[in-house]
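Under my numbering, think of the first position of the sequence shown as 122, with each following residue one higher. These notes are about the structure you will find just below.
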Amino acid sequence: MATIDFITQLFSEVDDKLTQSNNNQKHSQANLYPSEVVTIALLFVLKGVGNRAFYRWIANNYKVLFPKLPQRTRLFRLFNSHRHLTDLFMEVPSLMGVIDTYGIELIHPRREGRFCGQIGKKGISNQRWIVGGKLCVLVNHLGLIVDWDCATANVYDGSCFQHIVDNVSHQMVVFADEGFAKVDWQPVKLAYLYPWTIER
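Set out below in structure tokens:
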């Protein structure tokens with residue numbers, strides 16, 4: 122499939138979803154429709170490069186698809202202001218699901234504190250120390266994302282991400298590892314993948 126065909130198909134899917142939910146109205150001073158911003162943001166995630174390299178790629182190769190493409194910094198601010206639209210693309214809860222966190226290392230632990238604008242914190246992920254953040258994802262039985270959240274790496278999974286389980290506890294059984302075990306919080310529908318490893 123050619124890249125232009127892929128972008129066109131992706132835009133069509135995003136536009137249909139946003140139009141169904143009445144979230145595709147363009148502001149009178151905006152250059153891009155929300156469906157265009159979300160499509161470009163999805164392309165940025167799929168491309169997996171830095172923001173300068175991505176902007177060069179989209180501006181040089183696909184400006185015909187997005188003729189009113191704003192400047193690079195404005196485009197990435199638009200990604201942030203349209204972040205709430207990602208909730209429209211989440212799947213509905215099913216009978217059962219799995220929740221887990223993934224550590225995202227931003228810098229090496231030896232370099233912690235060298236930069237005053239550091240956004241990550243030191244914490245343990247996958248039995249090792251990292252300086253960065255945690256991404257918590259709840260998926261349904263098909264592996265599709267139902268909900269997500271992120272925090273710094275120094276937080277405890279059972280405390281910081283318990284609201285994700287609480288939101289769907291009446292709809293689905295959620296399986297988790299022992300990182301979500303907490304003394305004062307045992308929802309009825311939170312099951313552990315390896316129950317024999319948790320001491321009660």
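Every residue gets a Cβ at the ideal spot worked out from N, C-alpha and C, and that includes glycine.
Positions of the beta strand (DSSP E) runs, each at least 3 residues long and wholly inside the stretch 204-244, are given as 217-228 in order along the chain. One thing to note: V166 has its Cβ no nearer than 8 angstroms to the Cβ of L139. With fewer than three CB-CB distances shorter than 8 angstroms, the stretch 187-199 does not count as touching the stretch 223-230.
By the beta-carbon neighbour count (other beta carbons within 10 angstroms, threshold 16), T207 is exposed. Per the DSSP secondary-structure output, N261 pairs in a beta bridge with G218. Of the residues assessed, I240 falls on the exposed side of the cut-off, its CB having fewer than 16 other CB atoms within 10 angstroms.
Judged by their CB atoms, T273 and G300 are not nearer to each other than the 8 angstroms cut-off. Between the stretch 258-271 and the stretch 165-184 there are fewer than three C-beta pairs closer than 8 angstroms, too few to call the two in contact. Per DSSP, the beta bridge partners of L256 are Y223 and C271. V294: member of the beta strand (DSSP E) spanning V294 to A297, first to last residue. One Cα belongs to K168, the other to C271, and the distance between them is close to 21 angstroms.
Distance from the Cα of L199 is smallest, within the candidate group H148, S280 and A297, for H148.
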